[in-house]
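Numbering (our numbering), first residue to last: 779 to 1192.
We treat Cβ as the ideally placed atom computed from N, Cα and C, and that holds for glycine.
Encoded as structure tokens, the structure appears first; notes follow it.
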Amino acid sequence: MPIIVHKYGGTSVGTPEKIKNVARKVKKVHDRGNEVVVIVSAMGHTTDELIDLMDKITDNPSPREYDMLVSTGEQVSAALLAMALQEIGCPAVSLTGGQAGVKTEDIYKKARIKDIHLDRMKKELKQGNVVVITGFQGIDSKGDIITIGRGGSDTSAVAIAAALAADVCDIYTDVDGVYTTDPRIVKNARKIENISYEEMLELASLGAQVLHPRSVECASFYDIVIHLRSSTKDITGTYIKSVAQIAREASKMEKKEPVRGIALDENIAKVGILKVPDKPGIAAHIFGALAAESINVDMIVQSIHSAGAMADMAFTVNRTDMKKAVQVTEKLKKKLAAVSVIWDPDVCKVSIVGKGMVSQPGTAAKMFDALSKAKINIQMISTSEIRVSCVVRKEQGKKAVQILHKVFGLEKVR
Ligand code: ADP
Ligand code: ASP
Ligand code: MG
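Below, the structure written as structure tokens:
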């Protein structure tokens, strides 16, 4: 019997009516004789509201209690969906990540899923139940509840699909596919039919919130097709699959556009340490200290002062890590004989992504030219074979995306 794995995001289960609607859709799939597993996120903005509550209690929450708290949102939606299914005559059971056998690393707040023990899930499926599982969480080796990073329910779903050897994981959300950029920013953004794991992973890692990056990584590793689609419209969405599969299915050799999508990440901050002596070992010292505090550093720029053996070092971190990164850098300032530490939360990162960039020189230059014509100053740049990212002032981020979308002709149907 085929196993169907569906995931419904926060907005799709945001109200009792929406949960009832999801239940009706799930029942139809179950009635066709399928075994069905559904992964759910917390209702609407519940996770943010739980974090707001926490902020009213403490500035310095224990990571263990953070996970205990924020994981509760998914329990509410899972239990309500199971009840809604039972109410319309569809047998269902809800399980927490731990009950469903989702084992994670022993790291609070951002663990990876290590393993999934299927016994309980299989038993419930065999009894004819739809199994509704809380996304975003699992348990560690001590049996503590662990969350896997904001937006992580997508990853729970793909990991469960992989463990159950499903070929496809359907991710239902409030847009009907992956667009060339966030359709909230560019009204004429275009829906993409098929996108490779590599391009989707870049877009997701660079801030396109539509999928959790690790879900794409996991899908690529286990060769699971993700079908990202609308929870309200019954239409085909976007397929995320391997380049080889896309090429096999294409009727003709597709022309490779240099840019397939644009992402905006407004959740970053810049930190700088100024006038550090320019000698071997300084970068290792700074970034070693940040790594020891589990702070992920993204872009790094070092500039040399002409006046002497001094350098300025600037880097970006996730905005939630800014305070900690400044504390770590301030501590090093004296030791390294640096002059000052600066920080700026009012920046953002705009990135263009596309595999076709490799064979088309001049794509980065075209991006810089478009930004300069719009009087948008670029503060930092980083590149890979398939992307170019620029840090700009936060208030100019959306405008930058709109301009680049136009300059690269992404609105045109191909
Ligand atoms: P869910 O609650 O279902 O997980 P999210 O809010 O996490 O949904 O993700 C869906 C949102 O992602 C959309 O509403 C859209 O505004 C945003 N988004 C950002 N970039 C893109 C993109 N390239 N294509 C589609 N949606 C995008
Ligand atoms: N509820 C969690 C969050 O808001 C996980 C998710 O929605 O995927 O981050
Ligand atoms: Mg999401």
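With respect to the C-alpha of Val910, the residue from Gly1175, Ser1160, Ile891 and Val800 having the closest C-alpha is Val800. DSSP places Glu813 inside the beta strand (DSSP E), whose first and last residues are Glu813 to Val818.
Only residues of its own chain outside the window of five on either side were considered, and among them Met779 have a CB closer than 7 Å to the CB of Gly811, listed in chain order. Nearest to Lys887 by alpha-carbon distance, out of Gly916, Val1003 and Leu981, is Gly916. With 16 or more other Cβ atoms from the protein chains shown falling within 10 Å of its own Cβ, Gly875 counts as buried.
Membership of Phe1065 in the alpha helix (DSSP H) is indicated by the continuous run Ile1060 to Ala1070. In the displayed model, Gln1023 falls within a helix according to three-state DSSP. At least one heavy atom of ligand 3 falls within 7 Å of the beta-carbon of Gly787. If you ignore the 5 residues before and after Lys1133, its C-beta comes within less than 7 Å of the C-beta of Ser974, Glu976, Glu977, Lys1034 and Ile1164, all in its own chain and listed in chain order.
Ranking Lys969, Asp837, Ile829 and Ile835 by CA distance to the CA of Leu847 puts Ile829 first. Between the alpha carbons of Val1021 and Ala1028 lies a distance of about 11 Å. Using a C-beta cut-off of 8 Å, the stretch 1163 to 1183 makes no contact with the stretch 1061 to 1069, since fewer than three inter-stretch Cβ pairs fall below that distance. Taking C-alpha positions only, Ala1103 is separated from Glu813 by approximately 47 Å. Between Val804 and Val908, the CB-CB gap stays under 8 Å. Here Met832 is not near Val854, since their CB atoms are 8 Å or more apart. Boundaries of the beta strand (DSSP E) harbouring Gly1050: Ile1046 to Pro1055, taken from the DSSP string.
Taking all protein chains shown into account, Lys806 has fewer than 16 neighbouring C-beta atoms within 10 Å of its C-beta and is therefore exposed. Distance from the Cα of Val816 is smallest, within the candidate group Ile835, Pro794, Val783 and Thr789, for Val783. In the three-state DSSP reduction, Arg1007 falls in the strand class (E or B). At least one heavy atom of ligand 1 lies less than 7 Å from the C-beta of Tyr957.
According to the DSSP assignment, Asp954 belongs to no alpha helix (DSSP H), since it is labelled neither H nor E. DSSP, reduced to helix, strand and coil, places Thr836 outside both helices and strands of the structure shown, so it counts as coil.
Residue side-chain check: Gln987 places its Cβ nearer than 7 Å to a non-hydrogen atom of ligand 3. Remark: C-beta atoms of Val994 and Ile1018 approach each other more closely than 8 Å. Looking from the CA of Lys798, the closest CA among Ala862, Ala857 and Asp1012 belongs to Ala862.
Counting the other CB atoms within 10 Å of its CB gives Lys1113 a total below 16, which places it among the exposed residues. Just so you know, the alpha carbons of Lys1153 and Glu1189 end up roughly 23 Å apart.
DSSP assignment within the stretch 1076 to 1150 yields the following whole beta strand (DSSP E) runs of 3 residues or more, N-terminal first: 1088 to 1096, 1118 to 1122 and 1125 to 1131. Pairing Ile866 with Ile891 gives a Cβ-Cβ distance that is not under 8 Å.
The stretch 932 to 942 makes contact with the stretch 889 to 903: 3 or more CB pairs, one atom from each, lie closer than 8 Å.
Residue range Pro991 to Tyr1000 is occupied by the alpha helix (DSSP H) that includes Cys996.
When DSSP assignments are scanned along the stretch 832 to 908, the uninterrupted stretches of alpha helix (DSSP H) that are 4 or more residues long and fall wholly within it turn out to be 841 to 848, 850 to 865 and 897 to 904. With 16 or more other Cβ atoms from the protein chains shown falling within 10 Å of its own Cβ, Val1166 counts as buried. With a cutoff of 7 Å, Glu1071 does not count as near ligand 2, since its C-beta is closer than that to no heavy atom of the ligand. In terms of side-chain proximity, the C-beta atom of Gly927 is found no nearer than 7 Å to any non-hydrogen atom of ligand 3. In terms of CA proximity to Asp945, Phe999 leads the group Phe999, Ile963 and Thr824.
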